[in-house]
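Asker: Residue numbers (numbering that gives the first Met the number 0): 0 to 165.
The C-beta atom is built at its ideal place from N, Cα and C for all residues, glycine as well.
Predicted, not measured: the structure shown is a model, and the values here were computed from it.
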Amino acid sequence: MTLAGTDLVRWAKLIGVADIALHMTLAALGNLVDYDSNWAFVQHVLAMDTTFQSPALMGRAITDPTLQTAAYLAIIVAEITGAALLWSGFVLLWRARTDDALGFHEAKGLALFALMWCFAIWTVGFIAIGGEWFAMWQSATWNGQSGATRFATVTGIVMLFLAIRE
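1. Return the CA-CA distance between A26 and L7, expressed in angstroms with no decimal places.
2. Assign M0 to buried or exposed, taking buried as 16 or more other Cβ atoms, counted over all protein chains shown, within 10 Å of its Cβ.
3. Counting beta carbon pairs with one atom in the region 116 to 127 and one in the region 52 to 63, are three or more of them shorter than 8 Å?
4. Among residues of its own chain, excluding the 5 on either side of A89, which ones have a beta-carbon nearer than 8 Å to its beta-carbon?
5. In the DSSP assignment, find the alpha helix (DSSP H) that holds I120 and state where it starts and stops.
6. Would you call F51 buried or exposed, if buried means 16 or more other Cβ atoms sit within 10 Å of its Cβ?
7. From A162, M135, F150, V153, pick the residue whose C-alpha is nearest to that of H43; which is it?
8. Please confirm if P54 has its CB atom under 7 Å from at least one CB of chain B.
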């Protein structure tokens, strides 16, 4: 196999999926290994204690440690699920890397679903819910919107690139 034309595009797609899989694996691992650092992030975002404290928004704050823990665990489970789905999708793509165009395209389903899953973690979880609902954008200290935007952008680019038919 030479790295030209279709082969090169397929390798680029495989590498893109593996890159996002690695990122999600490391994100989940970071939350497990360094639980307290990211736990503090989740607590402050949900408590809205570093926002402008607008009375119109503060009713959204979640200060109950049990609910905060549940939210943090949901994030970790979503990241672990995303990583597992991505690696599984990568394996399917790897197995189909020498198939004809239709076979390779049909193997993309799980990887595309996994990429959309991860895209949603960043856009729904961090940008929409964290950023807007819990006014994370107002915090100079506990604001993960720029990171989430970077992750969503890279994930979205890989998702769109993978979806393109040969």
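Answerer: On the basis of the supplied data:
1. Taking the first residue of the sequence shown as 1, we reach residue 26 at position 27. Taking the first residue of the sequence shown as 1, we reach residue 7 at position 8. Taking the straight line joining both Cα atoms gives about 28 Å.
2. As a position in the sequence shown, residue 0 is number 1, starting the count at 1. Caution applies to M0, whose pLDDT of 46 falls short of 50 and renders its modelled position unreliable; the model cannot decide the point.
3. no
4. Within the sequence shown, the letter at position 90 stands for residue 89. The displayed chain sequence assigns Phe, not Ala, to residue 89. If we look at F89 and ignore the five residues flanking it on each side, its Cβ neighbours are L13, V16, A17, A20, A110.
5. Numbered from its first residue, the sequence shown carries residue 120 at position 121. For I120, no alpha helix (DSSP H) encloses it, and the DSSP letter there is neither H nor E.
6. To locate residue 51, count along the sequence shown from 1; it is residue 52. Flag for F51 reads exposed.
7. Mapped onto the sequence shown, residue 43 falls at position 44. Selected option, being the one with the closest Cα: M135.
8. Given the protein chain composition of this structure (a single chain), no chain B is represented.
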